[in-house]
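The structure under discussion appears below in the form of structure tokens.
Chains as they are written, first to last, in the UniProt record's numbering: chain Z, 1 to 346; chain A, 1 to 565.
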């Protein structure tokens, strides 16, 4: 028996077809999930970046083949590598976090694909730099990092617009639940640290400068600012979670303290010991990694726990977010390395 | 160490339906009660023999009785709490099925009359351990301070014998216990402590309210709700399943069943499910215990004190039915006010169709609220107030069966016409008031000649609107129509006959001649008989009553414990 709804949904007759005949547009239909395509594109772009950045130069051309050191000999090269570790961490955090969150948002706006591709190439450039023991910058890496910095800023604009256009405007409700306003800035941080890495490679190893300022000191103050910014983002989202677990206070207390240590380090004379600040940076790095475990516990406390991971990874506390703290802290370590003018051993 | 939230705490799709039948066989027995937070688990329960004289026998385990039982047990008293309903395990017994979940309602026979007979048996009454909080809409609002003294300050109703500043402290306490999820700053009323969880994300229906309120130039806010937005012990955060008013199956909802009663059990209280109390016994002017029906026979539990907490229909019914030679008009009824001043609240709605998809059933039903008309006493222009009292209004999220019923009853749609209308279900949004009706002595609960399945006389509920109520209805509907149209609603229509909440049949007061109980909820006539539920409200205000019932229960517990010391 035909239901009324059957009748209602009958397609309209196509009269236009007899008037205008057109060649059907070419359609490529893939049987793979669009997310797989996106992942392949991101991975491909990353690989291309890797190859474009060229091969790292061997340490010495001694007979018996090439030998590589894990760390550049010059303090600038060593610090640059560490800066690339930082940008690697940040880019990876952005890649997985934006992937997860934008998947949650069903890529409602095409622009939401951007950070995934850009953070992939940034990740590749950063990894490439992390293995490069040489002084001297790479133009490809430099360009890619600058692109990341710019993309993050544009993303910030998109997110800020998204928050403001909702009912209630810039209210807590919208800051909590619409596009996270601070998240795209993590990509900018990755880009900035990556660009600085290239600049530091070019700097004079005996007296590294950035834009006319002492490289170490300016970088220390900058990373302190980055720590504070990341703290604000974590603070907002942990406030949304009502600090229901006391551990949620750690990322809003420890990083500002570490940032203060960094600022203090910048005021010390060059060559002075920076042990306290270094411990601070290592503590923040460890917190970022340990945060993943706490977020995993948070996922377990959602309805259905890990058995319902397909929902809870998306709606629970984001696993990839905390390591962005580690990324910034590694940047701080690079700054301390430059101030101390000596390589940090590990 | 047991880590909160891990193991079988949350809803697990792999679980099996429990083998027992909670609607016919009591679960709280043999020294244990269900652990409602964990699938298949039990918690130990202290039990008392009928002959043992317990400190408190509490009739009802809802917002009033359950909360009070918890605090009294935590204060070291021996407590037995009776409930006529089953002891449900939300993780296992609750289905995503509107018809099935009507098992939460008190659908025993009642007789309704008056000019505006009430519709009983669904949103305004519950029959389960935890009472109607098991299916309430979780809206957790405080009274406006002036409402505790409406007669003195605003010229209508009756004064409460309570001070709002004292109540504010108890509101703080209950909001902390239930981890109410509310806005960072609540826009109305005096300073209050911040809610313990952040407000939930608002759905499209709530955004309709927001747009309407902004267009009308009044304030709105995400609604404070008793469902957690971040974990709390074994309760996972709300997953916006939308079945809140039919039983939350994830335990995010902080009903009395999952909040105060587990605490009560831990503190040594006994809960008796499927135990219908039919009569309170008195001797020499004091209550001596309660007669209750459980497991096929009538029993008698001795008690030093009796608390009646059966909500505004069952409480007067029990008090009136307990009439004896000592108290021929019913217990605590020397004022003649038991059963009188029954107050419901207006629950009128306006509905409209929107171009965009709304899907209002997503998430808790009332995610946004405006209390503007509770705090604006004058109004202006077309919305000048010509009546006493106020109202709040909230966004709505009717589930499909309820919506089909609404369409069938309000518009007489059936068959193809109803099917066609239901095609637009996803595009419908509505605004619904909770409004303050006046206490009137003619609105009352009495006993009918008809007997129910326990052989007890059923309640006759007489209800009529007064002119003030009608004027309020007109104002509310007019305002809501404009707000909904301003938000983009088309084909706006009124649903003018709905009511909700039951209050005021054993009012509290400062004078034994004009009230049934005193400020401590103790009856004026019988010193060891208490009433602790919505019945004690002298006025209802324009907000959902549950939070106030619970705050009064917390206060009552403190007063009882203080007197003991």
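Beta carbons: idealized from backbone N, C-alpha and C, even for Gly.
Handout entry: First through last residue of the alpha helix (DSSP H) which encompasses residue 552/A
Key = Residue 552/A sits at position 552 when you count from the first residue of the second chain. Counting along the chain, residue 552/A sits inside the alpha helix (DSSP H) bounded by residues 546–564.
Problem - residue 127/A in three-state terms, based on DSSP - result: Taking the second chain and counting its residues from 1, the one referred to as residue 127/A is at position 127. Judged by DSSP in its simplified three-state form, residue 127/A adopts coil rather than helix or strand.
Handout entry: Interface residues of chain Z facing residue 650/A [CB-CB closer than 7 angstroms]
Key = The requested residue 650/A is not part of the displayed model; chain A covers only 1 to 565.
Practice task
Could you give the DSSP three-state label for residue 325/A: helix, strand or coil?
Solution key: Taking the second chain and counting its residues from 1, the one referred to as residue 325/A is at position 325. The answer is coil: DSSP assigns residue 325/A none of H, G, I, E or B.
Handout entry: Listed by chain order, chain A residues near residue 240/Z by CB distance under 9 angstroms
Key = Numbered from its first residue, the first chain carries residue 240/Z at position 240. By Cβ distance, chain A contributes 198, 229, 230.
Practice task
Assuming residue 271/A contacts residue 61/A (C-beta within less than 8 angstroms), just tell me the rounded distance between them.
Solution key: Numbered from its first residue, the second chain carries residue 271/A at position 271. Numbered from its first residue, the second chain carries residue 61/A at position 61. Taking a contact as a CB-CB distance under 8 angstroms, the pair residue 271/A and residue 61/A counts as one, their CB atoms being some 6 angstroms apart.
Exercise for the section: Have a look at residue 545/A and residue 391/A and give me their C-alpha separation to the nearest angstrom. Expected result: Walking along the second chain from the start, residue 545/A turns up at place 545. Walking along the second chain from the start, residue 391/A turns up at place 391. Going by C-alpha positions, residue 545/A is about 13 angstroms away from residue 391/A.
Exercise for the section: Keeping to the same chain, check which residues put their C-beta closer than 7 angstroms to that of residue 249/Z; ignore five residues upstream and five downstream. Expected result: In the first chain, the residue the question calls residue 249/Z occupies position 249. Around residue 249/Z, the same chain offers 243 as residues with beta carbons nearer than 7 angstroms, after the five sequence neighbours per side are excluded.
Practice task
Anything in chain Z within Cβ reach of residue 180/A, meaning under 8 angstroms, just list it in chain order.
Solution key: Your numbering for residue 180/A matches position 180 in the second chain. Chain Z residues near residue 180/A: none, gap ~11 angstroms exceeds 8 angstroms.
Exercise for the section: Evaluate residue 28/A with the Cβ neighbour count: other Cβ atoms within 10 Å of its Cβ, from every protein chain shown; 16 or more gives buried, anything less gives exposed. Expected result: As a position in the second chain, residue 28/A is number 28, starting the count at 1. Buried.
Handout entry: Three-state class that DSSP yields for residue 166/A in the structure shown
Key = As a working mapping, residue 166/A is identified with position 166 in the second chain. Secondary structure at residue 166/A: helix, using DSSP grouped into helix, strand and coil.
Practice task
Report the residue from 266/A, 87/A, 89/A, 522/A whose alpha carbon sits nearest the alpha carbon of residue 73/A.
Solution key: Your numbering for residue 73/A matches position 73 in the second chain. Of the candidates 266/A, 87/A, 89/A, 522/A, the one whose C-alpha sits nearest the C-alpha of residue 73/A is 266/A.
Problem - Beta-carbon contacts of residue 255/A that lie in its chain and below 6 angstroms, excluding the five residues immediately before and after - result: If you number the second chain from 1, residue 255/A lands on position 255. Excluding residues within five positions, the ones whose Cβ falls inside 6 angstroms are 130, 133, 134.
Handout entry: Any chain A beta carbon closer than 9 angstroms to residue 177/Z
Key = The count along the first chain starts at 1 and reaches residue 177/Z at position 177. With 9 angstroms as the cut-off, residue 177/Z counts as an interface residue toward chain A.
Practice task
Please go through the same chain and pick out, in chain order, the residues whose beta-carbon is closer than 8 angstroms to the beta-carbon of residue 353/A, but skip the five residues on each side of it.
Solution key: Walking along the second chain from the start, residue 353/A turns up at place 353. 424, 427, 428, 489, 490, 491, listed in sequence order.
Exercise for the section: Quick one: measure Cβ to Cβ for residue 432/A and residue 167/Z, integer angstroms, because I've assumed they're closer than 8 angstroms. Expected result: For the purposes of this step, residue 432/A is identified with residue 432 of the second chain, where counting begins at 1. For the purposes of this step, residue 167/Z is identified with residue 167 of the first chain, where counting begins at 1. With a beta-carbon spacing of about 19 angstroms, residue 432/A and residue 167/Z fall beyond the 8 angstroms limit used to define contacts.
Exercise for the section: Quick one: using the 10 Å Cβ neighbour count with 16 as the cut-off for buried, is residue 328/Z buried or exposed? Expected result: Residue mapping note: residue 328/Z aligns to position 328 of the first chain, counting from 1. Counting every other CB atom within 10 Å of its CB across the protein chains shown gives residue 328/Z a total of 16 or more, marking it as buried.
Practice task
Counting only the same chain and skipping the five closest in sequence on each side, list residues whose C-beta sits under 6 angstroms from that of residue 109/A.
Solution key: As a position in the second chain, residue 109/A is number 109, starting the count at 1. Closer than 6 angstroms at the Cβ level, and outside the excluded window around residue 109/A, lie 452, 458.
Exercise for the section: Give the interface partners of residue 211/A over in chain Z, defined as CB-CB distance under 8 angstroms, in chain order. Expected result: In the second chain, counting from the first residue as 1, residue 211/A sits at position 211. Simply 167.
Exercise for the section: Give the DSSP-derived three-state secondary structure of residue 25/Z in the structure shown. Expected result: Taking the first residue of the first chain as position 1, residue 25/Z is located at position 25. For residue 25/Z, the three-state secondary structure derived from DSSP is coil.
Handout entry: Straight-line gap, residue 32/Z to residue 41/Z (C-alpha atoms, nearest Å)
Key = Counting from 1 along the first chain, the entry for residue 32/Z is found at position 32. Counting from 1 along the first chain, the entry for residue 41/Z is found at position 41. If I take the Cα positions, the gap works out to 13 angstroms.
Problem - CB contact check: residue 36/Z to chain A, cutoff 9 angstroms - result: Position 36 of the first chain, counted from the first residue, corresponds to residue 36/Z. Residue 36/Z has a beta carbon lying at 9 angstroms or more from every beta carbon in chain A.
Handout entry: residue 33/Z, DSSP secondary structure in three states
Key = Walking along the first chain from the start, residue 33/Z turns up at place 33. Here residue 33/Z sits in coil by DSSP.
Handout entry: Where residue 472/A falls: helix, strand or coil (DSSP)
Key = On the second chain, residue 472/A is found 472 positions in, with the first residue counted as 1. Looking at residue 472/A - three-state DSSP - the assignment turns out to be helix.
Practice task
Tell me whether residue 535/A is buried or exposed, calling it buried when 16 or more other Cβ atoms sit within 10 Å of its Cβ.
Solution key: Numbered from its first residue, the second chain carries residue 535/A at position 535. Around the beta-carbon of residue 535/A, 16 or more other beta-carbon atoms lie within 10 Å, marking it buried.
Problem - C-alpha gap between residue 511/A and residue 194/A, whole angstroms - result: Here residue 511/A refers to the residue found at position 511 when the second chain is read from its first residue. Here residue 194/A refers to the residue found at position 194 when the second chain is read from its first residue. About 36 angstroms.
Handout entry: Separation of residue 216/Z from residue 335/Z, as counted between CA atoms
Key = On the first chain, residue 335/Z is found 335 positions in, with the first residue counted as 1. On the first chain, residue 216/Z is found 216 positions in, with the first residue counted as 1. Rounded to whole angstroms, the gap between the alpha carbons of residue 335/Z and residue 216/Z is 5 angstroms.
Exercise for the section: Tell whether a beta-carbon distance below 9 angstroms holds between residue 504/A and residue 548/A. Expected result: Taking the first residue of the second chain as 1, we reach residue 504/A at position 504. Taking the first residue of the second chain as 1, we reach residue 548/A at position 548. No.
Problem - Nearest to residue 305/Z (by Cα), restricted to the options 289/A, 366/A, 238/A - result: On the first chain, residue 305/Z is found 305 positions in, with the first residue counted as 1. Distances from the CA of residue 305/Z to each of 289/A, 366/A, 238/A were compared; the closest alpha carbon is that of 238/A.
Practice task
Tell me the start and end of each unbroken beta strand (DSSP E) in the region 242–301 of chain A that is at least 3 residues and wholly inside, in chain order.
Solution key: If we require 3 residues or more, the beta strand (DSSP E) runs fully inside the region 242–301 of chain A come out as 270–272, 276–283, 286–294.
Exercise for the section: For residue 52/Z, collect the residues of the same chain with a Cβ closer than 8 angstroms to its Cβ; drop the 5 residues on either side in sequence, then sort them by chain order. Expected result: Looking up residue 52/Z in the first chain gives position 52. Taken in chain order, the residues that qualify are 140.
Handout entry: Contact between the region 209–222 of chain A and the region 365–378 of chain A (3+ Cβ pairs under 8 angstroms)
Key = Counting Cβ pairs under 8 angstroms, three or more are found: they touch.
Exercise for the section: Could you tell me which chain Z residues have their CB closer than 8 angstroms to the CB of residue 382/A, listed as they occur along the chain? Expected result: On the second chain, residue 382/A is found 382 positions in, with the first residue counted as 1. Simply none; closest approach about 24 angstroms.
Practice task
Could you tell me whether the Cβ atoms of residue 438/A and residue 40/A are closer together than 9 angstroms?
Solution key: Taking the first residue of the second chain as position 1, residue 438/A is located at position 438. Taking the first residue of the second chain as position 1, residue 40/A is located at position 40. Residue 40/A sits away from residue 438/A, with the two beta carbons spaced by 9 angstroms or more.
Exercise for the section: State buried or exposed for residue 297/A, treating a residue as buried only when at least 16 other CB atoms are found within 10 Å of its CB. Expected result: Here residue 297/A is taken as the residue at index 297 of the second chain, counted from 1. Residue 297/A is exposed by the Cβ-count criterion.
Handout entry: Best match in 364/A, 243/A, 541/A, 337/A for proximity to residue 181/A [C-alpha to C-alpha]
Key = Numbered from its first residue, the second chain carries residue 181/A at position 181. Among 364/A, 243/A, 541/A, 337/A, the Cα nearest to that of residue 181/A is on 364/A.
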